[in-house]
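Data block below; observations after.
Chains as they are written, first to last, in the working numbering: chain H, 2 to 385; chain Y, 2 to 385.
Right, dumping it as structure tokens:
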């Protein structure tokens with residue numbers, strides 16, 4: 002089991018307008034993507050990996066000259082890893098509206114020759130999937146061995162199974178949910194309000210003003226981050242430990258930092274506010290909020306999934322209170338009602354929602370076993 | 002059972018400096034308070050009610066000419082109510098640092114003749130209790146029949162039992178905790194960062210600039226409010242209901258309000274930012290973070306509570322994820338280890354942390370029964 006090594010992103014431009022769920026269209030756009038492994042002769046070994054809120058097409062490997070630039074799912078994807086790039090041709094694609102390369106709010110709107118800013122259209126999970134399907138067309142991939150994602154990425158995998166049933170044989174949905182709860186939406190709206198009310202947001206036009214709504218992004222990230230960690234894990238890692246424990250171990254009696262958890266969260270917020278785009282944050286939280294495939298079926302997820310034909314692997318983590326196991330079970334139950342083949346793993350892991358990104362042995366083994374099954378069922382196995 | 006009717010606040014000035022836990026002292030200060038019922042001949046029927054984050058001395062009744070100005074625990078306190086003002090003399094006192102009358106950051110610092118602003122000292126639960134004890138002295142109350150509070154108010158009741166064991170016969174601690182968890186502190190710090198990074202906070206000196214950090218306060222309140230409600234209750238009340246459900250029932254595809262829960266939370270945030278003081282919010286969240294009576298006993302709550310002599314009533318609510326039943330059970334266990342008499346009620350209520358403010362029948366009956374017991378044990382019962 003070794004790392005995938007040096008990788009480099011590619012870009013593909015699409016000149017045909019992409020009609021969007023919210024009305025209107027994106028006239029001209031570029032998707033940035035990476036691939037790992039080799040597409041086999043009958044193009045049957047492709048796996049699409051969809052990213053979550055703050056990730057990108059850079060799923061695995063590192064960039065030339067930047068050894069710290071490891072992909073976000075490097076533990077999952079690589080030679081000999083659960084999603085084995087010696088067997089599968091893996092594609093990571095950056096979604097529209099992102100700030101990591103694909104067309105987003107910081108890019109020039111060809112119609113105005115100014116950055117889109119807040120005028121970038123609100124895109125949905127379904128819009129992303131439609132754009133990903135065009136990339137698959139361009140790469141000559143008629144059917145994926147699997148479409149896979151965690152959290153918001155899992156929503157994309159689920160949307161694939163509904164929108165393009167015959168274009169994937171397996172759907173891998175990890176730490177996800179068929180729709181956000183009121184509490185999930187509430188946390189997203191706190192984050193949005195923090196950004197929108199930062200004077201440096203400038204109505205989304207901050208690029209032109211040479212500023213960045215760092216304070217808003219920072220608070221948005223802090224509140225988001227709390228929901229990614231489990232209560233128990235936070236208690237164990239930080240508890241009520243003081244940052245100055247080694248020195249005075251005393252309260253400071255001011256509004257600076259007393260506790261380790263404050264130091265950690267502020268650091269996470271600061272770091273995030275330095276690289277993430279505020280308009281992208283708004284767009285992605287909206288895509289999360291809007292996702293609800295059961296909506297046009299009177300709230301019936303069973304009916305929404307009736308059109309699917311893929312086999313499913315669904316996994317959740319016991320301490321995930323953002324998208325709890327209960328939410329994954331809703332998906333499983335709707336699939337079972339449709340007599341779909343579904344494998345469900347509820348993994349006892351302490352790390353909350355973030356567990357889907359971490360290298361838990363049982364989790365990794367279950368994904369590995371599932372890909373082994375996909376591999377064994379493939380008529381043509383060899384890579385090209 | 003009737004309402005307490007028209008009430009009016011009183012104020013008491015203290016000229017002797019109050020030494021504070023964080024060092025220094027408050028030279029001269031005023032406490033605003035209200036009383037309901039009548040103090041009996043031997044002054045044995047007094048009950049002190051301590052308030053939580055955004056409440057005040059105005060516990061029950063209404064103000065003259067303002068029928069909507071009902072006290073925050075009006076369902077609990079009044080003639081024939083669980084805490085029966087026909088039997089008990091009830092005192093509600095506003096804490097130092099508040100924005101509802103007692104000396105706080107918006108008042109003039111006699112040393113500078115300018116508002117304290119951010120220079121108002123960081124006060125602790127123990128400082129509040131010390132100030133409350135002086136008010137009791139001034140009112141001639143040597144021993145309370147009970148000190149009672151919910152949430153942060155419960156922390157004050159607990160602190161009373163430790164700091165002044167012989168000044169209360171009963172300690173009533175509802176929906177509280179012996180200390181905040183890392184997650185609790187994290188949410189408080191998000192709120193503080195939202196306020197501190199609002200340019201209108203002006204380093205705490207916003208009074209002089211004629212502005213108010215409304216955006217920061219609004220976000221602070223929104224995130225706080227999420228933690229007061231249970232996930233299930235939010236799902237039931239709001240779910241994914243759209244605000245325009247009656248008209249188009251369609252997503253808006255912008256960053257305005259789509260969901261009812263967004264509308265509700267923003268409204269709560271807006272309302273709060275219009276009446277609450279930003280410096281007070283910072284101070285109160287710090288008081289919450291710092292409370293940890295076990296701290297000076299090597300983390301042993303049992304040892305911290307060894308000096309108590311009161312009987313205890315502890316209550317928690319099953320769906321409260323801010324201060325879960327587990328946290329109340331820690332208090333109960335430490336009391337049991339000390340062979341204190343403790344009554345514990347774990348109330349199956351759907352409303353999360355906010356349940357302590359609501360009129361749940363089982364909850365009200367249990368508090369009523371406990372005060373009945375207090376009443377029966379009193380040698381002199383009559384009011385003066």
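Note that CB positions come from ideal geometry on N, CA and C, so glycine has one too.
- Chain H places no beta carbon closer than 8 Å to that of residue 329 (chain Y), leaving this residue out of the contacts.
- Residue pairing by DSSP puts residue 169 (chain Y) in a beta bridge opposite Y:145.
- Unbroken alpha helix (DSSP H) stretches of 4 residues or longer found wholly inside the stretch 285-316 of chain Y: 302-305, given in chain order.
- When CB distances to chain H are screened at a threshold of 9 Å, the residues of the stretch 245-276 of chain Y falling below it are 252, 253, 254, 255, 256, 258, 259, 260, 261, 262, 263, 265, 266, 267 and 270, in chain order.
- With a threshold of 8 Å between beta carbons, residue 301 (chain H) makes no contact with chain Y.
- Of all alpha-carbon atoms in H:224, H:296, H:46 and H:230, the one lying nearest the alpha-carbon of residue 243 (chain Y) is that of H:296.
- Using a CB distance cut-off of 8 Å, residue 147 (chain Y) does not count as an interface residue toward chain H.
- In the three-state DSSP reduction, residue 372 (chain Y) falls in the helix class (H, G or I).
- Per DSSP, the continuous beta strand (DSSP E) segment holding residue 13 (chain Y) begins and ends at 11-15.
- The residues 178, in chain order, have a CB closer than 6 Å to that of residue 328 (chain H) in the same chain once the five nearest residues on each side in sequence are set aside.
- By a beta-carbon distance limit of 8 Å, residue 196 (chain H) contacts residue 217 (chain H). Their separation comes to about 4 Å.
- Boundaries of the beta strand (DSSP E) around residue 51 (chain Y): 47-51.
- Taking 8 Å as the cut-off, the beta carbon of residue 357 (chain H) is found no closer than this to the beta carbon of residue 313 (chain H).
- Among the residues of chain Y, those whose CB is under 8 Å from the CB of residue 290 (chain H) are 259 and 260, following chain order.
- Of the residues assessed, residue 88 (chain Y) falls on the buried side of the cut-off, its CB having 16 or more other CB atoms within 10 angstroms.
- The C-beta of residue 298 (chain H) comes no closer than 8 Å to any C-beta of chain Y.
- The shortest C-alpha to C-alpha distance from residue 205 (chain H) to any of H:365, H:280 and H:192 is the one to H:280.
- Residue 21 (chain Y) carries a coil assignment under DSSP once its states are collapsed to helix, strand and coil.
- Secondary-structure assignment with DSSP links residue 344 (chain Y) through a beta bridge to Y:314.
- Annotation for residue 276 (chain Y): the continuous alpha helix (DSSP H) segment containing it runs 261-276.
- If the five residues before and after residue 203 (chain Y) are omitted, its C-beta is found closer than 6 Å to the C-beta atoms of 210, all from its own chain and listed in chain order.
- At a Cβ-Cβ threshold of 8 Å, residue 111 (chain H) and residue 29 (chain H) count as neighbours.
- Exclusion of the five residues before and after residue 291 (chain H) leaves 125 as the residues of its chain whose Cβ lies within less than 6 Å of its Cβ.
- Of all residues in the stretch 215-230 of chain Y, only 215, 216, 217, 219, 220, 223, 224, 226, 227 and 230 come within less than 9 Å of chain H when Cβ atoms are compared, listed by chain position.
- The residue from Y:225, Y:75 and Y:262 with its alpha-carbon nearest to that of residue 235 (chain Y) is Y:262.
- The alpha-carbon of residue 147 (chain H) is positioned some 44 Å away from that of residue 200 (chain H).
- Rounded to the nearest whole angstrom, the CA to CA distance from residue 316 (chain Y) to residue 50 (chain Y) is 15 Å.
- Residue 370 (chain Y) is classed as exposed because its beta carbon has fewer than 16 other beta carbons within 10 Å across all chains shown.
- Under the Cβ distance rule, residue 105 (chain Y) does not count among the residues neighbouring chain H, no pair being separated by less than 8 Å.
- For the pair residue 353 (chain H) and residue 230 (chain H), the CB atoms are nearer than the 8 Å cut-off.
- Scanning its chain for C-beta atoms nearer than 6 Å, with the 5 sequence neighbours on each side dropped, one finds around residue 27 (chain Y) the residues 19, in chain order.
- Taking every protein chain shown into account, the CB of residue 246 (chain H) has fewer than 16 other CB atoms within 10 angstroms, so this residue is exposed.
- Contact between the stretch 55-62 of chain H and the stretch 83-99 of chain H is present: 3 or more CB-CB pairs across the two stretches fall below 8 Å.
- Within the stretch 176-200 of chain Y, the residues whose Cβ lies closer than 7 Å to some Cβ of chain H are 180, 182, 183, 184, 186, 187, 188, 190, 191, 193, 194, 195, 197, 198 and 200, listed in chain order.
- Chain Y has a Cβ within less than 8 Å of the Cβ of residue 241 (chain H).
- With contacts defined as CB atoms closer than 8 Å, residue 163 (chain Y) and residue 47 (chain Y) fail to qualify as a contacting pair.
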